[in-house]
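Working notes for the structure below.
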Amino acid sequence: MRLELVAFDLYGTLLDVSGLAKRLEPYAGPQAADLLSNWRKAQLERTWREKAYEPFDVVTARALEEVAPRLDAQTRQRMCETWLSLPAFPDARTALESLRKARVRRAVLSNGTPTMIRAALAAVDLDVDEVFSADDVRAYKPDPSVYALLDRERTLFVSANGWDAEGAKRSGLTVAWIDRGTPPPGLAPDLRVHSLAEFAAAVWRDQGVRVVKGTELDPNTAQTPGMTRAAAITHARAGAEKIWAGTVIIHANARTG
């Protein structure tokens with residue numbers, strides 16, 4: 008399979024959300040890590056349960072108010088601004104540069120607003136060719152309409168979030184999952200690697216990315232492009248709670264048909 012575009016999830020894939028804990032210490036002290044965990048959970052839950060769309064910066068602010076109601080508005084504002092300068096994973100820049108040298112276009116597909124995405128990328132000097140935002144369709148992952156922003160015939164989607172990888176897979180995309188020890192997708196991805204550096208090693212300068220198809224964890228569950236928003240969310244939540252029960256083989260150093 009020759010791919011012309013590699014689209015990365017942003018939060019948790021290129022950017023290390025856990026690295027935000029250190030920056031929250033001035034506001035939350037030793038409870039910063041717990042606060043961040045609760046904040047992130049509330050942030051995602053809001054994107055899954057709210058029927059009326061709100062931009063991701065608003066969702067992020069409301070989620071913080073939900074988990075830390077005693078903080079004053081000015082403090083919450085400063086804390087929300089830290090999402091514009093998240094640290095990148097150490098191998099993110101190298102992976103993106105490897106793709107550029109392989110003449111593969113690079114993109115981000117994120118729940119963030121275009122402004123949030125571009126600010127966060129600029130803050131850590133990460134360069135991509137295109138930005139796709141959930142804001143464009145006024146819906147959030149794993150809604151199929153978000154993944155439909157990508158051409159599934161020519162695109163590989165990369166995420167370290169299992170529920171996100173599953174949503175993309177169910178929407179018909181070719182998917183690489185960065186396994187950093189977080190809950191796996193409910194459907195086996197096409198590529199399973201453990202770092203962005205390992206993913207970059209699978210890129211050939213003149214051949215794009217070659218993958219060996221994996222086997223679904225649940226053989227009774229079919230890939231279902233066009234799945235409804237409610238069904239996609241249900242499957243993504245369930246997938247995030249499953250224990251990895253199979254292996255996806257990756258051949259990073261061998262050409263396959």
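Numbering (my numbering), first residue to last: 8 to 264. Cβ atoms here follow ideal geometry from the backbone N, Cα and C, with glycine treated the same way. Model, not experiment: these values are computed from the prediction.
Per DSSP, cross-strand counterpart(s) of residue i
{"i": "W55", "result": "W55 is not bridged to any residue."}
{"i": "L116", "result": "F139"}
{"i": "V182", "result": "F164"}
Contacts around residue i, its chain only, beta-carbon distance under 8 Å, and the 5 residues preceding and following it disregarded
{"i": "L180", "result": "Y154, L157, R159, T162, L163, F164"}
{"i": "R83", "result": "A68, L71, E72, A75"}
{"i": "V200", "result": "A183, W184, I185, D186, F206, A209, I257, A259"}
{"i": "I124", "result": "L17, V115, S117, V138, S140"}
{"i": "T89", "result": "L27, R30, L31"}
{"i": "A99", "result": "L21, L22, V131, L133, L203"}
{"i": "F57", "result": "Checking the displayed sequence, the identity of residue 57 turns out to be Glu instead of Phe. Same-chain partners within the cutoff: V66."}
{"i": "G36", "result": "none"}
Residue interval of the alpha helix (DSSP H) (run including residue i)
{"i": "T162", "result": "Counting along the chain, T162 falls outside any alpha helix (DSSP H), though it belongs to the beta strand (DSSP E) covering 162 to 166."}
{"i": "E269", "result": "Not covered by the structure: residue 269. The range shown for the chain is 8 to 264."}
{"i": "T10", "result": "Looking at the sequence provided, one finds Leu at residue 10 rather than Thr. Unbroken run through L10: none, as it is neither H nor E."}
{"i": "S152", "result": "151 to 154"}
{"i": "R177", "result": "169 to 177"}
{"i": "A207", "result": "203 to 207"}
Anticipated Cβ contact below 8 Å, residue i with residue j, distance rounded
{"i": "F63", "j": "G119", "result": "5 Å"}
{"i": "D280", "j": "A95", "result": "Residue 280 cannot be examined here, being either before or after the span of the chain that is shown, 8 to 264."}
{"i": "L42", "j": "V74", "result": "7 Å"}
{"i": "A102", "j": "L17", "result": "Rounded, the Cβ-Cβ distance is 13 Å, inconsistent with contact."}
{"i": "P151", "j": "K176", "result": "Contact flag wrong, Cβ pair sits at about 11 Å."}
{"i": "S178", "j": "T20", "result": "About 17 Å; that fails the 8 Å criterion."}
{"i": "V13", "j": "L106", "result": "6 Å"}
{"i": "A39", "j": "A28", "result": "5 Å"}
Own chain residues within Cβ distance below 7 Å of residue i, not counting five before or after
{"i": "M86", "result": "L31, Y34, L71"}
{"i": "P121", "result": "V138, S140, D142"}
{"i": "N45", "result": "V74"}
{"i": "G188", "result": "none"}
{"i": "R47", "result": "V24"}
Sequence-distant residues of the same chain with beta carbon closer than 6 Å to residue i, five excluded per side
{"i": "A130", "result": "S92"}
{"i": "E137", "result": "A114"}
{"i": "Y60", "result": "R145"}
{"i": "V135", "result": "R113, A114, V115"}
{"i": "F15", "result": "L21, V115, V165"}
{"i": "D171", "result": "D16, K148"}
{"i": "A126", "result": "L91"}
Where the beta strand (DSSP E) containing residue i begins and where it ends
{"i": "R199", "result": "198 to 200"}
{"i": "T122", "result": "Where T122 is concerned, there is no enclosing beta strand (DSSP E), although the alpha helix (DSSP H) it sits in stretches over 121 to 130."}
{"i": "T189", "result": "Unbroken run through T189: none, as it is neither H nor E."}
Any non-hydrogen atom of the ligand GTP within 7 Å of residue i CB
{"i": "P151", "result": "Inclusion of the ligand GTP in the displayed structure is not the case, the ligand content being empty and no account of it being possible."}
In chain order, which continuous runs of the alpha helix (DSSP H) of length 4 or greater are located wholly inside the region 18 to 101?
-> 27 to 35, 39 to 56, 63 to 74, 80 to 88
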